[in-house]
Amino acid sequence: MDRNTKKAWLYLLPSIVLLGAFLVYPLLDVAVYSVEECFNFASQTYQGVGLYNYAYVLHDPYFLQAVQNTFVLVAITVPLSTVLALVISTALSSIRPLRQLYQTIYFLPYVTNTLAVGLVFMVLFQRTEYTDGLVNLMLSWFGAGPIDFINGPHWAKMFVLCFYTIWVVLPFKILVLTSALASVNDEYYKAARVDGTSRTRIFFRITLPMISPMIVYLVITGFIGAFKAYSDAVALFGTDLNAAGMNTIVGYVYDMLYGDSGGYPSYASAAAILLFVIVLTITCINLLVTRRRDGGEGGAAL
Amino acid sequence: MNIQLQNLTKRFPARGKKAKGEVTAVQDLTFTVPDGKLVGLLGPSGCGKSTTLNMICGLETPTAGRILFGEEDVTNLPPELRGVGMVFQNYALYPHLTVLQNILFPLENLKGDQRPTRAQMREKALQAAQLVQIEDLLDRRPRELSGGQQQRVAIARALVKTPRVLLLDEPLSNLDARLRLQTREEICKIQKTTGITTLFVTHDQEEAMSISDFIVVMKDGVLMQQGAPQQVYDDPANLFVAKFLGTPPINVFAGEVKDGMLLLAGQKALAVPGAPDGDVWAGVRPEGFVPDPEGPVACGLSRVEVLGRDASIVCTHPACQGDTLRVILRSEHEVDGAQGSVRFALRPEKTFLFDRSGEQRLRFGAGQGA
Numbered sequence: 251m252d253r254n255t256k257k258a259w260l261y262l263l264p265s266i267v268l269l270g271a272f273l274v275y276p277l278l279d280v281a282v283y284s285v286e287e288c289f290n291f292a293s294q295t296y297q298g299v300g301l302y303n304y305a306y307v308l309h310d311p312y313f314l315q316a317v318q319n320t321f322v323l324v325a326i327t328v329p330l331s332t333v334l335a336l337v338i339s340t341a342l343s344s345i346r347p348l349r350q351l352y353q354t355i356y357f358l359p360y361v362t363n364t365l366a367v368g369l370v371f372m373v374l375f376q377r378t379e380y381t382d383g384l385v386n387l388m389l390s391w392f393g394a395g396p397i398d399f400i401n402g403p404h405w406a407k408m409f410v411l412c413f414y415t416i417w418v419v420l421p422f423k424i425l426v427l428t429s430a431l432a433s434v435n436d437e438y439y440k441a442a443r444v445d446g447t448s449r450t451r452i453f454f455r456i457t458l459p460m461i462s463p464m465i466v467y468l469v470i471t472g473f474i475g476a477f478k479a480y481s482d483a484v485a486l487f488g489t490d491l492n493a494a495g496m497n498t499i500v501g502y503v504y505d506m507l508y509g510d511s512g513g514y515p516s517y518a519s520a521a522a523i524l525l526f527v528i529v530l531t532i533t534c535i536n537l538l539v540t541r542r543r544d545g546g547e548g549g550a551a552l
Numbered sequence: 028m029n030i031q032l033q034n035l036t037k038r039f040p041a042r043g044k045k046a047k048g049e050v051t052a053v054q055d056l057t058f059t060v061p062d063g064k065l066v067g068l069l070g071p072s073g074c075g076k077s078t079t080l081n082m083i084c085g086l087e088t089p090t091a092g093r094i095l096f097g098e099e100d101v102t103n104l105p106p107e108l109r110g111v112g113m114v115f116q117n118y119a120l121y122p123h124l125t126v127l128q129n130i131l132f133p134l135e136n137l138k139g140d141q142r143p144t145r146a147q148m149r150e151k152a153l154q155a156a157q158l159v160q161i162e163d164l165l166d167r168r169p170r171e172l173s174g175g176q177q178q179r180v181a182i183a184r185a186l187v188k189t190p191r192v193l194l195l196d197e198p199l200s201n202l203d204a205r206l207r208l209q210t211r212e213e214i215c216k217i218q219k220t221t222g223i224t225t226l227f228v229t230h231d232q233e234e235a236m237s238i239s240d241f242i243v244v245m246k247d248g249v250l251m252q253q254g255a256p257q258q259v260y261d262d263p264a265n266l267f268v269a270k271f272l273g274t275p276p277i278n279v280f281a282g283e284v285k286d287g288m289l290l291l292a293g294q295k296a297l298a299v300p301g302a303p304d305g306d307v308w309a310g311v312r313p314e315g316f317v318p319d320p321e322g323p324v325a326c327g328l329s330r331v332e333v334l335g336r337d338a339s340i341v342c343t344h345p346a347c348q349g350d351t352l353r354v355i356l357r358s359e360h361e362v363d364g365a366q367g368s369v370r371f372a373l374r375p376e377k378t379f380l381f382d383r384s385g386e387q388r389l390r391f392g393a394g395q396g397a
């Protein structure tokens, strides 16, 4: 090892030590915990190594409920929020007056606290003994009956959760897409105009492919973010998500560690590993699909 | 079909909060591009030549004036109805499409009766590709091509709809020197083959002179002169045109006309019968000097540059604007480089007089008749 290599390792040491202690070690530890059967938290002992923890988690109705909720949330919010962000940012790019104002308004949710927003949503949607809430008031104008969105049927709760999630993730996507749209060279649009290209064709054949790397990025990070959803559900439905039937996978992990049923780090670890496997699979599928469609370009542009 | 511009004017609102009023990019421009000719629109940066091109193309709407394609007034037509093909400075090839898809793109925009079948489109695209000799590159993407190849694809895309007019914005500016020479001949050839009325914009006078049938010189949005390249070179209308055309550039002297004689630094230099008395700018082309031991113009000799084909003599003269003046001679032997000075006579047909504003040409003698 020559002097320079030694020096390089010396400079890398602080970050390697910190990352190792607080990132790599816990990750490995989670994997270890997940295969230690009958782990006793107090005595820090276990009785054997095996896959029992996984079997338990996979047979736990709460976990299955959480997986189902998470998948519904992902399947609805990721495509919807991306398309919505695309529509809004395209509209924002094509207007000139008041653009800055609108951009600010659309960006506001990003800098607002999740829990505070959740409370406001709860007030908007909740039915109490005294009032049906603002949303139900508006529904009644159209003759629709009052629905309890917070404590009522599962689909209503899911609707609120999706609505809320889309509202929260939208600003960042709009921000990214607006700048992506602005970076498309104006000459392409001029060339398209000279050729008499219709607006729809310009959008689908020129704009969309040009910003596709950014869309791929948003979809992939959107999937990952939605799979890790937890605080949104807490903000709306309180901490006892299992009782509300609105738990998510991360929520299940948290409950296993600290919740009412807490104190089961092995189950929590197994669930966390399962979540990791799911996210990894989905991300790989995402990358494969985009890479095949763009002939290797989308993947390379990432 | 010719292109006529009639009193074309374009004003833009001034940028910035402090600036008020408008910026005039093109002022009262009138000229005709003859049918089937290659025309160079020439001028320094910011003279409004690209704006003019954009107005002809239909990307900009004129503030005033008319544009006629043949008999048809196209001033208010959108670009796609004008029948123009445009090659942009940076080519504007769609990077996610292959060369073939790029060339097909304009055809796929056609609707209704005009829309050819898939096979016809392919046929047309292949023809256009053959014309610019890129038929081997059809499956590549633009970023896999060299600058010259991209240029050709852009031309093929502009030609595929067989437009009435081909417009090129600074077609050679993104190419290196060697490729530039080759490409400008290519453009000239393609234009001759198709016979399509072509207008191109450039700030490089050599480029414009070498391939154009006709050039239009602009400055600050105003037409300076138009004509065949040689004619404009031999008979500049004003000092700007005289200085803008020609390499090496024309030598400009501060002179005076008195009793039909041009005086440079007080010395009689050339008989200029008919020129009015007064202070003038005298422009002499580098090839307008004849070495003559008895010649009236005495210059200090700085150095002799031998170029093989000819020789370039760098001299000094007290009345000359700029540090040195440059003389082109057929060979270095015509002057004695050992001496510190050299004397020249001036060729009257290569000497132009302008008033001190530089805007008015002062003609003299029979050879320079009005």
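Each protein sequence line maps, in turn, to chains Z and C.
The first sequence runs 251 to 552 under this note's numbering.
The second sequence runs 28 to 397 under this note's numbering.
No residue lacks a Cβ here, since even glycine has one placed at the ideal position from N, Cα and C.
The C-beta of residue 347 of chain Z comes no closer than 8 Å to any C-beta of chain C. Ranking C:302, C:315, C:267 by CA distance to the CA of residue 250 of chain C puts C:267 first. Between the region 77-87 of chain C and the region 218-230 of chain C there are three or more C-beta pairs closer than 8 Å, enough to call the two in contact.
In this structure, the CA atom of residue 310 of chain Z is about 11 Å from the CA atom of residue 521 of chain Z. Within the region 267-291 of chain C, contact with chain Z at the beta-carbon level (separation under 8 Å) is assigned to no residue. Taken residue by residue, none of the region 48-62 of chain C has a beta-carbon sitting less than 8 Å from a beta-carbon on chain Z. Separation of residue 311 of chain C and residue 244 of chain C (C-alpha to C-alpha, rounded to the nearest whole angstrom) is 20 Å. Identification of chain Z residues near residue 119 of chain C by a Cβ-Cβ cut-off of 8 Å yields 435, 437, 438, 440, 441, ordered along the chain. When only Cα atoms are considered, residue 50 of chain C and residue 72 of chain C end up about 15 Å apart. Beyond the five residues adjoining it in sequence on each side, residue 280 of chain C comes within less than 6 Å, by CB distance, of 291, 309, 346, 347 in the same chain, given in chain order. Under a 10 Å Cβ-count criterion, residue 378 of chain C is classified as buried, with 16 or more other Cβ atoms of the shown protein chains found around its own Cβ.
In the three-state reduction of the DSSP assignment, residue 391 of chain C falls in the coil class.
Per DSSP, the beta-bridge partners of residue 33 of chain C are C:93. Setting aside the 5 residues that flank it on each side, residue 269 of chain C is surrounded in the same chain by 263, 277, 310, 379, each with a C-beta closer than 7 Å to its C-beta; the list follows chain order. Chain C places no beta carbon closer than 8 Å to that of residue 463 of chain Z, leaving this residue out of the contacts. Per DSSP, the unbroken alpha helix (DSSP H) holding residue 220 of chain C starts and ends at 204-221.
For residue 428 of chain Z, the enclosing alpha helix (DSSP H) stretches over residues 404-432.
Taking a cut-off of 8 Å on C-beta distances, the region 502-518 of chain Z touches the region 277-290 of chain Z, as three or more cross pairs fall below it.
At a cut-off of 8 Å, the C-beta of residue 86 of chain C has a neighbouring C-beta in chain Z. Using beta-carbon distances, residue 451 of chain Z counts as an interface residue toward chain C, with a partner under 8 Å. Contact note: residue 111 of chain C reaches chain Z through 444, using a C-beta cutoff of 7 Å and chain order.
If you ignore the 5 residues before and after residue 33 of chain C, its C-beta comes within less than 6 Å of the C-beta of 57, 92, 93, all in its own chain and listed in chain order.
Around residue 215 of chain C, the same chain offers 238 as residues with beta carbons nearer than 6 Å, after the five sequence neighbours per side are excluded.
Across the set C:299, C:356, C:322, the C-alpha of C:299 shows the shortest separation from the C-alpha of residue 376 of chain C.
For residue 132 of chain C, the neighbours in chain Z by C-beta distance under 7 Å run, in chain order, 445. For the region 511-530 of chain Z, no residue has a beta-carbon sitting nearer than 7 Å to a beta-carbon of chain C.
Where residue 152 of chain C is concerned, the enclosing alpha helix (DSSP H) starts and stops at 145-158. Think of a sphere of 9 Å around the beta carbon of residue 459 of chain Z: the chain C residues whose beta carbon falls inside it are 121, 122, 123, 124, in chain order.
Contact annotation: residue 376 of chain Z and residue 400 of chain Z have beta-carbon atoms nearer than 8 Å. For the pair residue 489 of chain Z and residue 403 of chain Z, the Cα-to-Cα distance works out to about 18 Å. Residue 324 of chain C sits buried, since 16 or more C-beta atoms from the chains shown fall within 10 Å of its C-beta. Per the DSSP secondary-structure output, residue 242 of chain C pairs in a beta bridge with C:67, C:254. The beta carbon of residue 106 of chain C sits closer than 7 Å to those of 84, 85, 86, all from its chain and outside the five residues before and after it, given in chain order. According to the DSSP secondary-structure assignment, residue 288 of chain C is paired through a beta bridge with C:285, C:298. In the DSSP assignment, residue 279 of chain Z falls within the unbroken alpha helix (DSSP H) covering 275-285. Taking a contact as a CB-CB distance under 8 Å, the pair residue 174 of chain C and residue 195 of chain C does not count as one, their CB atoms being some 15 Å apart.
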